[in-house]
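Read the structure below first, then the notes.
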Amino acid sequence: MTRKKASEPAVSPAAVYAHKHFAPRASAGMVARDRLLQGLAAAADVRIVVLQAPAGHGKSTTLLQIKQGCEARGVPTAWLTLDDADNEPRRFFAYFRSLIQQLHGGVDADWQPSRVRRHVDWIIEQLAGLDRPVALFIDELQTITSAAVLQFFRELMEYLPNNVTLYFGTRAIPELGLTRLIVDGRALLVSAEMLRFSRDETVAFFDQARELVVRPDELDSIFRRTEGWPAALQLFRLSLNRRNVRSTLEREISDQPRELAEYLTENVLALQSPDVQDFLLRTALLPRLSAPLCKAVTGLDNAQALLEQLERNGLFLRALDVDLHWFKYHGLFAKCLSDQFSARQPEAAREVHLRAARWYAAEQMWAEGVHHALAAGALPLAADMLDEWGSTLVAEGQLITLERWVSPLPLEEITARPTLTIKVAYVYVFLRRRAAFGPIHAALLRMEREGRIQPEIVLSMAAVSADDLGEAFRRAQRVDIEKVDESGFDAFERAAAANLQGVCALSLGDFEQARVALGYARLHTERGVAPFSGGYEVGVTGISQMLQGDLPGALATFDAAAAQSPIRLDRMLASAAMTACHVWALYEANELDAAEALFMPHQELIAESTMLDFVAVAFIAMSRIDHARGRRQAAQDKLDALEQVAQASGWPRLLRLVGWERATRALATGQTDPAQSLIAAMAPDTAPPQAWVMFADELGEAQFGDIRLMIHLGQLDRASRRLQAASAQAGGRVYRQIRLKLLETAWHLQAGSEPAAQNSLVQALQFAAPGRLIRCFVEGGRRVMPLLLRLHRAPPPGLARHTRFLADVVSACGGVPGADGGDRAPFDSLTDREQAILTLLSAGASNKEMARQMTVSENTVKFHLKNIYAKLAVDNRLRAIAAARERGLIA
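Quick note: to get the working numbering, add 3 to the position in the sequence shown (first position is 1).
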């Protein structure tokens with residue numbers, strides 16, 4: 004394929020197709036929809052307006068008139084036309100951010116880092132911060148099926164700032180909860196019936212065609228037959244010069260809308276000159292048109308003049324940009340023409356698609372090129388383009404896009420191209436498509452045996468996905484990650500290998516080697532412009548810091564990454580890895596509010612992570628948060644969800660982690676028999692004898708649960724031997740040393756040696772204090788609480804520099820020493836947002852009112868109220884207000 008610089012590069016956050024932000028141009032014959040616009044003006048309090056009707060009802064034209072009215076009143080507007088490709092969240096959010104940029108006068112709005120910020124929160128803040136009325140226009144909403152994008156729209160509609168009006172054009176209404184919004188008076192549905200022209204509008208429409216004479220009785224017939232359907236009226240206006248069309252007005256004919264459109268389209272076509280007819284039929288197969296593309300398809304040198312002529316003549320063609328470079332036919336008109344052409348001249352239609360595919364391939368406009376190649380049945384050409392394009396898609400994490408385009412290809416067409424096979428393998432591995440990956444995996448192994456490729460990296464990723472650590476680490480270690488002169492997809496692959504080498508070193512406790520490997524991963528990520536790899540590198544780097552006891556450093560790493568929107572903002576699988584690790588770090592810092600707020604919107608994405616450790620640390624941390632908040636069922640639900648992921652993915656190690664988590668909770672509540680039953684029911688540990696300890700096992704109880712059980716059962720000699728062996732292997736793993744010292748504390752308490760227990764607890768606190776690792780002590784159990792209180796009242800010399808940390812640990816564990824030396828109920832200070840909600844609560848604001856005033860979701864308000872109730876030790880609003888006044892939190 005010939006290569007040259009693309010006129011429109013593949014979409015990335017920094018490069019979007021301008022035509023998607025271009026509203027239709029006003030045509031000379033456009034009828035003012037005054038009656039409809041007046042009705043909308045009467046509903047000025049409504050902030051969401053949905054125009055819903057089949058094709059040809061003038062939705063886009065009506066949206067344009069609404070937009071013009073807004074601009075005439077000085078209201079800033081922005082427009083976005085959606086398409087099927089926008090179901091890729093990364094692509095969609097790039098366009099929506101560009102939409103916000105329009106409202107900022109073309110200046111890119113700053114993304115400010117935040118531990119818990121989500122895209123919808125950022126969008127809402129940006130819109131609310133404009134401090135003036137604005138209007139957003141979203142056309143072709145029916146193309147959206149992605150759960151992530153639909154959830155974004157649901158939340159945006161639910162918490163839309165009062166200064167924003169949102170207008171949608173759609174053929175069908177996706178699952179957006181619109182009915183409730185309509186019932187609440189917050190949304191208005193403009194139906195097909197309302198969009199149809201009245202008789203007066205029909206008369207005005209034909210009056211504008213001055214060259215056309217239409218009798219009143221003919222107008223009556225046209226109005227009855229079309230029922231005011233705008234597209235059919237335009238087709239009548241274009242075809243009435245044909246005698247056979249006009250003669251049909253003299254008799255009543257009961258047409259279905261589709262049949263009428265096809266009949267009228269055929270007559271419109273017949274009125275054109277032969278060269279225009281041929282041009283229309285061939286170019287109707289093109290989703291969008293430009294003169295160079297049309298020349299490639301039709302061979303005509305005057306394509307630009309023809310396009311501009313068709314637009315002027317109202318032949319269902321509109322410009323997509325002010326430079327008249329790109330155009331698009333009305334969907335109904337194009338469908339009628341293309342169906343006719345494909346049925347009558349199938350080989351000619353195939354040739355059109357083939358020429359279009361080759362033109363797009365030369366322009367490196369891959370999505371359109373693959374579309375036409377598949378339509379032409381040119382599977383080798385489609386596969387060649389996907390091989391080229393796939394390098395970018397995989398590196399940028401646009402896996403769903405590649406999966407969608409590659410799905411029509413037969414297996415042999417993929418495996419005929421080893422490099423495409425590798426890229427498809429990444430898609431199936433990272434999306435956990437186990438069934439689809441099987442044949443691809445077999446093909447890769449065959450190619451490897453034949454010496455055709457060296458698929459070490461992708462097969463190491465496949466082994467990680469299967470939790471086959473031995474195979475994964477062996478293959479990854481064979482890759483030279485120090486080769487830094489590569490870019491693009493090769494750099495992405497080396498970044499993946501470097502990340503895995505970092506995980507391997509981390510599992511062995513070799514933190515220096517992990518740092519070096521992750522440094523190379525970062526370098527390769529930058530050279531390959533591959534944010535997909537970057538998310539994993541950030542996650543593992545933060546975990547490495549935390550396991551060494553540097554929790555502040557880990558949180559700083561995550562916060563710095565959050566400032567780089569391409570990772571966090573676009574809901575990529577790699578961002579799920581980073582987010583999962585961030586949730587764990589926040590949990591260990593006892594920042595439970597922030598951890599929960601970060602976990603909830605990313606829950607589904609985290610559950611889809613390729614490596615089980617990312618899934619495990621986030622879900623176990625969140626389950627423990629639920630348990631600490633008294634939400635026992637929610638805590639169980641998280642473990643149930645984790646168990647389902649383990650079963651579906653074939654991850655026995657994760658099943659053991661879940662089993663030990665359940666057993667440990669049973670032991671903590673004195674349920675020894677149920678705990679032993681849970682342990683007995685677990686599958687045997689099939690882990691290899693190597694010294695690898697994956698980071699999820701550092702958090703989970705699978706590593707030390709047996710020691711805890713031995714202590715609980717009084718089997719102190721066995722427990723002592725296990726503790727000594729584990730301590731000898733701890734090395735520089737500060738996080739593990741803290742947990743072991745807490746187990747040692749429990750051992751001494753069980754043995755009746757309180758001084759020795761206190762000494763072990765002091766050592767645990769000394770390990771934890773520099774990094775402020777708090778939750779280990781909360782999970783340590785109630786038996787350490789008296790020791791903690793005693794240490795707080797009279798800190799030994801070893802804790803003299805850590806009294807503030809000790810106080811925070813005591814508070815987190817459930818008690819705060821009073822002035823008289825006694826204990827009173829714990830009280831964690833309120834966050835700024837909780838304080839604001841408490842103030843609104845005392846003023847009598849409802850949850851909905853609080854959500855609106857604070858520009859957050861109602862669920863977020865409920866979440867903060869639960870935390871406020873827990874901190875104040877109350878169970879309802881009135882008691883919360885009373886307790887807050889008693890503590891001087893409100894007047």
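Here a beta-carbon is modelled for each residue, glycine too, at the ideal position from N, C-alpha and C.
Around the C-beta of E515, fewer than 16 other C-beta atoms lie within 10 Å, and the residue is accordingly described as exposed.
Scanning the stretch 288 to 344 from its first residue to its last, the whole beta strand (DSSP E) runs of 3-plus residues come out as 320 to 322, 329 to 332. When the Cα atoms are used, Q838 and A563 turn out to be separated by approximately 27 Å. Spanning the alpha carbons of L384 and M160 requires a straight line of approximately 42 Å.
For Q41 and L191, the gap between their C-alpha atoms comes out near 14 Å. Counting only the Cα atoms, G556 lies some 58 Å from V355. Relative to S468, the option among G734, Y429, H527, F140 whose CA is nearest is Y429. The Cβ-Cβ distance between I840 and D811 does not fall below 8 Å.
In the DSSP annotation of this structure, the continuous segment of the alpha helix (DSSP H) that includes W369 starts and ends at 369 to 378. Here T80 is bridged, per DSSP, to A138.
Residue range 778 to 781 is occupied by the alpha helix (DSSP H) that includes F780, with no beta strand (DSSP E) assigned at that position. Leaving aside the five residues that flank G188 on each side, none in its chain has a CB nearer than 6 Å to its CB. With distances taken between CA atoms, K338 lies nearest to G59 out of L790, G59, P799. With distances taken between CA atoms, W369 lies nearest to D387 out of A381, A379, T544, D387.
I51: member of the beta strand (DSSP E) spanning 51 to 55, first to last residue.
Taking C-beta atoms under 8 Å as the contact rule, A733 and R739 qualify, at a distance of about 5 Å. Counting other Cβ atoms within 10 Å of its Cβ, E178 stays below 16 and is therefore classed as exposed. Across the set Q145, P421, P290, A352, the C-alpha of P290 shows the shortest separation from the C-alpha of W329. Looking only at A767, P604, E782, the smallest Cα-Cα distance to G703 is reached by E782. In the three-state reduction of the DSSP assignment, G393 falls in the helix class.
When the Cα atoms are used, L222 and L238 turn out to be separated by approximately 14 Å. The stretch 613 to 623 makes no contact with the stretch 752 to 771, as fewer than three CB pairs between them are under 8 Å. Between E269 and Q348, the gap from beta carbon to beta carbon reaches 8 Å or more. In the three-state DSSP reduction, Y20 falls in the coil class, being neither helix nor strand. Within a 10 Å sphere around the beta-carbon of P92 sit 16 or more other beta-carbons, which makes this residue buried. Taking the Cβ atoms as the reference, A619 lies roughly 16 Å from H630, outside the contact range of under 8 Å. By the criterion of a C-beta distance shorter than 6 Å, V541 is surrounded in its chain by A564, M581, once the five residues flanking it on both sides are discounted.
When C-alpha distances from L412 are compared across E399, Q401, V427, L589, the shortest belongs to V427. Counting along the chain, the unbroken alpha helix (DSSP H) around Y738 starts and ends at 737 to 754. With respect to the 8 Å criterion, V52 and Y162 are not classified as neighbours on the basis of their beta carbons.
Here the alpha carbons of G774 and D553 stand approximately 5 Å from one another. With 16 or more other Cβ atoms inside 10 Å of its own Cβ, G400 counts as buried.
Where V193 is concerned, the enclosing beta strand (DSSP E) starts and stops at 190 to 193. In chain order, R659, L660, W663 place their CB closer than 7 Å to the CB of A705, counting only its own chain and leaving out the 5 sequence neighbours on each side. In the displayed model, V461 falls within a helix according to three-state DSSP. By the neighbour-count criterion, in which a residue is buried when 16 or more other Cβ atoms sit within 10 angstroms of its Cβ, R665 is buried.
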